[in-house]
Amino acid sequence: MLPKAGSLWLLRLLRDIQLAQFYPSILEELNVTRPEHFDFVRPEDLDGIGMGRPAQRRLAEAVKRHRSGNKPKNWVYKILGGFAPEQKETTPPSDSPSFLPEPEGGLKCLIPDGAVSRGELLGSGCFGVVHRGLWTLPSGQTVPVAIKSLRVAPKGPVGTELRDFLREVSVMMNLEHPHLLHLHGLVLGQPLQMVMELAPLGSLHARLTAPAPSPPLPVVLLCLFLQQLAGAMVYLGSRGLVHRDLATRNLLLASPCTIKVADFGLVRPLGGAPGRYVMGGPRPIPYAWCAPESLRQGAFSSASDVWMFGVTLWEMFSGGKEPWAWVPPYLILQRLEKDQARLPRPPLCSRALYALALHCWALDPADRPSFSCLEELIQEAWPPEGHCVRDVMEPGALRMEPGDPITIIEGSASSHSPSSTTWKGQNSRTLKVGSFPASAVTLADLKGSPATCPVHKGSPAWGEQHRGSTDGVRPKAKLRELPPAKSQRRNMPLQRIKGGTECTWSHPPGVPSGTKSHWGRCSFCHPEP
Ligand code: ATP
């Protein structure tokens, strides 16, 4: 094979150590075209092209020698190496080459260009397009994947898109959690491609806004998603990271009952001031999801992620509506801070869950619950479930038949006559939501059999609650109130929206104040801290 332009160094290097026979496979199967690419080659990759371990050691030493004579590292190395968590110095085992660190800071897998094939377009984002694809493993087995390709060519000065793309890779390669999207590997080709776990059912936002005949999602399933999201965020926080872009558009459905947090392009490490990341310059941010301190000072923390969690909860229970769509973007901060306004309670959301959202929207970040506390609070706010005991045919009432499983969203005892108590709930068979006579339903007890007493006075949101679990195991009952945060007691849902005031934020050149993209990302900025 004739040496390709630009890869003569590789051929020379391999010839020097009598390994020239591996030139075609290193170049074409492993896509190594620059010395820095060896940072992402693992022993298994070299095993895969038939190179023995002693030869791998020779190669490692030759690459090291070659690179010590070559000064600057390329952009891939600079960004991935600069962002990945620090690696511990370890003594490599005698049979592994010294330049190949194992995951925790190294790439999970370098995938040859020819091993992936792209299919239908799934969508596109700020810096890439995502296709459905197939990854053929060395064994011949094929795995359905999603392939995100960088839209811009990786040459010339490092652009924001490239930096964010590589940052996303470097974040994902160090994460492993059942509710975080998994990165399989990277194709070092033109364009750069991220090979990720496929979420075949698309984004939760698309599911929430799907037109009929798609039925609405069961309220208990939404609670399960909240539980999964909180668990993933506990893990992300434990890795010292903030997500900064929590929203239903970034939750992907891996199965009907499993969400995965995706889109790590805005993830940042929490360095500097304790537990806070402060933006260094003007960048687009998803303003309607952002906490006041993020809008005002560009400050992000686990507490600002918790605020976004509250907005994501609101989206879920609003059928994917856009938060603050009725308020000009430049007025949102004022509404939040001055008017103490908050997003209103969605019809599907119980009082207990709404109180939880209000808790997430405490003005002072210190008053917001942590994600691990949220896991508990979600369990406590879990909507009670019961069974219908008689036909309900009354006009205007939620239709149900004996045996229908009913999720109780809300109850309101009539002060005039307890027998006329009505409840609001969801019939899990029809997925319809509405009011019904409380006497038509019995609550399920811990073992799943009907409770001895019928549902009566008091709101289920403040009464008997069920514990949830992320694996879909039936929740346990629990009695407890969920008090709103101290600073939230005065907060009112946004009902009164008055005329606007002047926008005092600075905007990048050419971007009109208040512009927003269709998915709600702000195209304008906040003042520098
Ligand atoms: P941005 O990256 O600009 O923040 P985004 O999240 O919409 O926006 P991408 O992450 O590039 O952008 O994703 C584009 C679309 O592709 C998304 O709408 C998402 O629904 C779909 N998508 C992304 N990753 C996957 C995946 N692993 N499986 C299935 N669909 C995916």
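The working numbering puts the first residue of the sequence shown at 292, with every later residue one more than the last.
Beta carbons are placed, not taken as given, at the ideal position from N, Cα and C, and that holds for glycine.
Option in the options with minimal Cα separation from residue i
i, options, result
"Ile700", "Arg642, Gly480 and Gln518", "Arg642"
"Cys651", "Glu327, Val354, Ile623 and Cys581", "Cys581"
"Phe608", "Phe516, Ala503 and Glu628", "Phe516"
"Phe456", "Asp554, Ala351, Gly414 and His534", "Asp554"
"Leu586", "Gln625, Thr603 and Trp617", "Gln625"
"Gln717", "Cys679, Ile340 and Leu542", "Cys679"
"Glu613", "Ser730, Leu477, Pro547 and Thr500", "Thr500"
"Ala351", "Ile340, Pro334 and Gly360", "Pro334"
"Ser316", "Trp300, Gly339 and Glu327", "Gly339"
"Arg659", "Leu477, Asp596, Arg535 and Gly725", "Asp596"
"His534", "Ile576, Arg690 and Pro506", "Ile576"
"Gly694", "Gln481, Gly687 and Arg681", "Arg681"
"Ser430", "Asp336, Met487, Pro637 and Val683", "Asp336"
"Ala731", "Gly702, Glu606, Val683 and Lys723", "Val683"
"His328", "Leu453, His473 and Leu477", "Leu477"
"Asp404", "Leu318, Arg458, Gly601 and Arg530", "Leu318"
"Gly264", "Cys640, Ala672 and Gly556", "Examination of residue 264 is not possible in this model, given that the chain is present from 292 through 820 alone."
"Leu644", "Pro728, Glu666 and Trp673", "Trp673"
"Ser719", "Pro728, Pro696 and Leu474", "Pro696"
"Ser546", "Pro507, Leu466, Leu489 and Pro506", "Leu489"
Per-residue burial, residue i [other beta carbons within 10 Å of its own, 16 or more giving buried]
i, result
"Lys551", "buried"
"Trp714", "buried"
"Gly416", "buried"
"Val648", "The sequence shown places Ala at residue 648, rather than the Val named in the question. Per the 10 Å Cβ criterion, buried."
"Leu412", "exposed"
"Thr382", "Note on Thr382: pLDDT 31, under 50, position unreliable in the model; no value is reported."
"Leu479", "buried"
"Asp330", "buried"
"Asp307", "exposed"
"Ser408", "exposed"
"Asp494", "The question names Asp, but residue 494 is Ser in the sequence shown. So Ser494 ends up on the buried side."
"Thr603", "buried"
"Gln670", "buried"
"Trp617", "exposed"
"Thr433", "exposed"
"Gln309", "exposed"
"Pro435", "exposed"
"Pro345", "exposed"
"Glu685", "exposed"
"Ala729", "buried"
Sequence-distant residues of its chain with Cβ nearer than 6 Å to residue i (five each side left out)
i, result
"Lys439", "Gly419, Val421 and Met485"
"His496", "Thr539, Arg540 and Gly611"
"Glu676", "Thr698 and Ala735"
"Thr593", "It is worth fixing the name first, because residue 593 is Ser in this sequence and not Thr. Once the five neighbours on either side are set aside, the close Cβ partners of Ser593 are Gly528."
"Leu627", "Pro583"
"His468", "Ala523 and Tyr526"
"Val511", "Thr698"
"Leu428", "none"
"Arg423", "Gly410, Glu411 and Leu413"
"Pro482", "Ser440 and Leu441"
"Phe591", "Val533, Arg535, Tyr568 and Ser585"
"Glu606", "Thr539"
Contacting residues, own chain, Cβ-Cβ under 7 Å from residue i (five flanking each side not counted)
i, result
"Gly297", "Thr324"
"Val332", "Leu321, Val323, Leu391 and Leu401"
"Phe313", "Leu305, Ile340 and Met342"
"Ala406", "Trp426 and Thr427"
"Pro491", "none"
"Glu692", "Cys679 and Asp682"
"Arg358", "Pro326"
One or two residues paired with residue i in a DSSP bridge
i, result
"Gln484", "Ser440 and Val478"
"Met691", "Val683"
"Glu584", "Partner(s): none; Glu584 has no beta bridge."
"Phe727", "Trp714"
"Arg423", "Ala437"
"Ile699", "Gly716"
"Gly414", "Val421"
"His534", "BP columns for His534 are empty, so no partner."
"His678", "Pro696 and Thr733"
"Val552", "Leu471 and Leu542"
"Ser408", "Leu425"
"Pro560", "Leu532"
"Ser359", "Note: Ser359 sits in no beta bridge, so no partner."
Same chain only: Cβ atoms within 8 Å of residue i, ignoring 5 sequence neighbours per side
i, result
"Ala311", "Leu302 and Leu305"
"Ile623", "Tyr578, Ala579, Leu586 and Trp615"
Interface flag, residue i vs chain C, CB-CB below 8 Å
i, result
"Val597", "Annotation note: the requested chain C is absent from the structure, which comprises a single protein chain."
Validate contact between the segment 460–476 and the segment 551–561 using beta carbons, cut 8 Å, 3 pairs: yes
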